[in-house]
Amino acid sequence: MARYSPSIQKLITELGSLPGVGGKSAQRLAFHILDMPQEKADMLVSAITTARKSTCRCSVCHNFTDSDPCPICSDQTRDRSTILVVESPRDVSTFERTHEYKGLYHVLHGVFDPLKNKSLEDTTITKLIQRLASDSSVTEVIVATNQTAEGNATALYISRLLSPSGIKVSRLAQGLPMGSDIEFADDLTLLSALNGRVVLN
Ligand SMILES: [Zn+2]
Numbered sequence: 015m016a017r018y019s020p021s022i023q024k025l026i027t028e029l030g031s032l033p034g035v036g037g038k039s040a041q042r043l044a045f046h047i048l049d050m051p052q053e054k055a056d057m058l059v060s061a062i063t064t065a066r067k068s069t070c071r072c073s074v075c076h077n078f079t080d081s082d083p084c085p086i087c088s089d090q091t092r093d094r095s096t097i098l099v100v101e102s103p104r105d106v107s108t109f110e111r112t113h114e115y116k117g118l119y120h121v122l123h124g125v126f127d128p129l130k131n132k133s134l135e136d137t138t139i140t141k142l143i144q145r146l147a148s149d150s151s152v153t154e155v156i157v158a159t160n161q162t163a164e165g166n167a168t169a170l171y172i173s174r175l176l177s178p179s180g181i182k183v184s185r186l187a188q189g190l191p192m193g194s195d196i197e198f199a200d201d202l203t204l205l206s207a208l209n210g211r212v213v214l215n
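Residue numbers for the sequence shown, in this note's numbering: 15 to 215.
What follows is the structure, encoded as structure tokens:
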């Protein structure tokens with residue numbers, strides 16, 4: 015016999031498929047939602063639907079945005095000679111939080127890792143190369159992938175791809191703990207890693 019009714023079980027299964035949500039958390043969230051006033055539950059559903067429908071990827075930097083190109087790519091006061099390459103849209107918010115970085119971004123939506131069958135097509139690396147080929151104002155690409163084996167491999171791969179172009183490729187300094195995610199770094203650590211960046215090519 016099923017432990018929960020089919021509709022509750024379905025809700026638990028869907029919530030449990032979210033990253034970082036285990037079985038127990040999924041059950042807790044499901045019962046929290048069922049205990050909510052109807053209008054609160056409707057607001058949650060509407061927030062998910064609206065965000066999903068109105069958000070697209072910026073055709074330039076591939077960050078999530080409500081307008082294409084995104085506000086950062088459209089901002090003519092930003093330094094268009096530098097592109098900071100990050101793994102996820104969350105990393106853009108992390109760097110924007112510091113208010114120090116004034117250049118543009120490129121969101122990879124993943125890392126290149128042939129050992130784990132993560133191919134180039136799983137990232138926007140090819141689109142980065144195309145973007146740089148058609149934009150002569152860029153003189154430096156700062157690779158700010160996470161300090162993990164895959165993040166480092168991706169940085170080296172990008173520097174190798176760009177070495178014939180004459181564009182400087184640099185990597186965030188090793189001030190960030192190995193294996194750590196950029197999004198969890200505090201502002202000071204992030205800024206010193208950015209300012210102490212190392213040239214790769
Ligand atoms: Zn953009």
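Heads up, the beta-carbon is just placed ideally off N, CA and C, and yes, glycines get one too.
Approximately 5 Å separates the beta-carbon atoms of LEU122 and GLU101; this is inside 8 Å, confirming the contact.
Excluding five sequence positions before and after PHE78, the CB atoms of its chain that fall closer than 7 Å to its own CB belong to THR69, ARG71, PRO103, given in chain order. Contact between the segment 59 to 69 and the segment 106 to 121 is absent: fewer than three C-beta pairs spanning the two stretches fall below 8 Å.
The Cβ atoms of VAL99 and LEU142 lie closer than 9 Å to each other.
Residue burial annotation: ASP82 is exposed, with fewer than 16 other C-beta atoms found within 10 angstroms of its C-beta. Scanning the segment 47 to 109 from its first residue to its last, the whole beta strand (DSSP E) runs of 3-plus residues come out as 96 to 100.
Residue range 163 to 176 is occupied by the alpha helix (DSSP H) that includes GLU164. With a threshold of 16 other beta carbon atoms within 10 Å, GLY124 meets it and is buried.
Straight-line measurement puts the Cα of GLU110 at about 11 Å from the Cα of GLU197.
The criterion of a C-beta distance shorter than 9 Å is not satisfied by ALA158 and ASP127. Sorted by chain position, residues whose beta-carbon lies closer than 6 Å to a non-hydrogen atom of ligand 1 are CYS72, VAL74, CYS75, ASN77, PRO83, CYS84, ILE86, CYS87.
Sixteen is the threshold: when 16 or more other Cβ atoms of the shown chains lie within 10 Å of the Cβ of SER173, as they do, the residue is buried.
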